[in-house]
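For the record, the sequence lines run as chains E and Y.
Read in this note's numbering, the first sequence has 23 at position 23, and its numbers run on one by one without any break.
Read in this note's numbering, the second sequence has 137 at position 137, and its numbers run on one by one without any break.
Working notes for the structure below.
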Amino acid sequence: MEKPSNEPLFWTLFSAGGVVAAIFIPIQLFLFGLAFPLGLLHGPSYEQLMSLVRLPLVRIYLFLLCSLPMFHFAHRFRYTLYDGLQVKHLNEVIFVLCYGSAVAATVLAAYLLWTIR
Amino acid sequence: MHPQTPNPNLYTEYHPRWYRRRVSTYWWVGQRQYRKFILRELSSVFVAVFVVITLLQLRALRAGPEAYARFQHRMQGPALMVLCAISLFFVVFHTITWFNLAPRALALRIRGRRLPDFLVAAPNYIIWLVVSAAVTWAVLR
């Protein structure tokens with residue numbers, strides 16, 4: 001018997017992150033990356049944003065918005081490097097870098113959102 | 001270890017090596033479908049770019065109004081603006097390709113007839129629209 005693989009877990013995270021990224025990232029990126037900096041729309045002030053971020057529901061939302069899509073990235077980018085560039089001999093390094101960045105983003109998001117007053 | 005029954009998946013020292021043609025590293029350049037596949041996979045890089053920007057934004061919010069003003073100022077720089085525009089293109093590409101997978105994974109039938117693909121994908125787009133409107137409303141309220 002082969003030992004059970006972690007692949008289903010990684011794939012579930014990939015899939016969940018794909019859904020979150022597909023639904024939420026375009027509007028978030030459009031507003032905060034283009035519309036507000038370009039002045040197309042009048043963005044919220046610091047205080048207005050902070051009053052949003054203080055809501056527990058918004059914190060959970062922002063945490064999931066940072067964490068799950070990074071696991072989506074880790075899985076997809078890993079296989080892009082495997083298949084696209086055929087760098088199979090670097091499997092372990094790529095694995096650690098991809099999932100390491102996802103875990104780092106998750107921890108950082110949790111820390112920032114936990115300590116924001 | 002000597003397996004009793006030959007298992008083709010087990011590697012043995014004396015197994016002949018199959019002839020395999022080497023595939024070029026640039027195998028995906030030639031055909032449109034392959035290029036589209038690689039672009040779709042690369043969209044994940046821009047998903048990561050978004051997360052990094054969002055984490056920087058959260059850090060600035062946490063540090064106070066001056067730090068956040070600096071963050072806003074930096075976001076107006078041409079390099080970040082271009083990066084955001086490219087990222088938005090790729091993320092929307094991800095959204096569309098992701099939503100259009102639904103009919104591949106789900107064959108809905110009504111009265112024995114398979115629902116056309118666009119009707120299976122349609123709810124995804126409706127949810128996308130509603131969520132986008134809700135986020136905009138929440139932020140601009």
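Using N, Cα and C, we set each Cβ at its ideal position, and we do this for glycine too.
Report yes or no: is there a C-beta of chain B within less than 8 Å of the C-beta of residue i?
i, result
"Y:R59", "Note that chain B does not occur in the displayed structure, where the protein chains are E and Y."
In the DSSP assignment, find the unbroken alpha helix (DSSP H) run with residue i in it and report its ends.
i, result
"E:W114", "N91 to T115"
"Y:R70", "P65 to M75"
"E:Y46", "Y46 to V53"
"E:S67", "P56 to Y79"
"E:P8", "E7 to L29"
Tell me the DSSP bridge mates of residue i?
i, result
"Y:I110", "Y:R113"
Taking the Cβ atom as the reference point for each residue, do residue i and residue j lie within a distance shorter than 8 Å?
i, j, result
"Y:V92", "Y:V47", "no"
"Y:R35", "E:L112", "no"
"Y:F50", "E:I27", "no"
"Y:T54", "E:C66", "yes"
"Y:V45", "E:F77", "yes"
"Y:E66", "E:G84", "no"
"E:F30", "Y:L88", "yes"
"Y:F37", "Y:Q57", "no"
"E:G43", "Y:C84", "no"
"E:F63", "E:A21", "no"
Go ahead and pull the three-state DSSP assignment for residue i.
i, result
"E:Q86", "coil"
"E:L41", "coil"
"Y:N160", "Given that chain Y is displayed from residue 1 to residue 141, the structure contains no residue 160 of chain Y and the question cannot be resolved."
"Y:R95", "Sequence inspection shows Thr at residue 95 of chain Y; the Arg mentioned does not correspond to that position. It is helical."
"Y:S132", "helix"
"Y:W137", "helix"
"Y:M1", "Because Y:M1 carries a pLDDT of 46, less than 50, the predicted location of this residue cannot be relied on, and no value is offered for it."
"Y:Y34", "helix"
"Y:P78", "helix"
"Y:R62", "helix"
"Y:R20", "coil"
"Y:Y26", "coil"
"E:P4", "coil"
Relative to chain E, which residues along the segment 108-135 of chain Y have a C-beta separation below 7 Å, given in chain order? Of all residues in the segment 108-135 of chain Y, the ones placed with a Cβ closer than 7 Å to any Cβ belonging to chain E are I127, W128, V131, S132 and V135, in chain order.
Check each residue of the segment 86-109 of chain E: if its Cβ is closer than 8 Å to any Cβ of chain Y, include it; give the result in chain order. Against chain Y - using a Cβ distance shorter than 8 Å - the residues of the segment 86-109 of chain E are Q86, S101, A105, L108 and A109.
Interfacial residues, the segment 76-87 of chain Y to chain E, with Cβ spacing under 7 Å: Residues passing the 7 Å Cβ filter: Q76, M81, C84, A85 and S87.
If contact means a Cβ-Cβ distance below 7 Å, which residues of the segment 39-52 of chain Y contact chain E? The segment 39-52 of chain Y vs chain E, Cβ under 7 Å: E41, L42, S44, V45, V47, A48, F50 and V51.
When Cβ atoms are compared, which residues of the segment 50-64 of chain E fall closer than 9 Å to chain Y? Using a CB distance below 9 Å, the part of the segment 50-64 of chain E facing chain Y consists of M50, L52, V53, V58 and L62, ordered along the chain.
Name, going along the chain, the residues of the segment 19-33 of chain Y whose beta-carbon falls closer than 8 Å to a beta-carbon of chain E. Only V23, T25 and W28 from the segment 19-33 of chain Y bring a Cβ to less than 8 Å from some Cβ of chain E.
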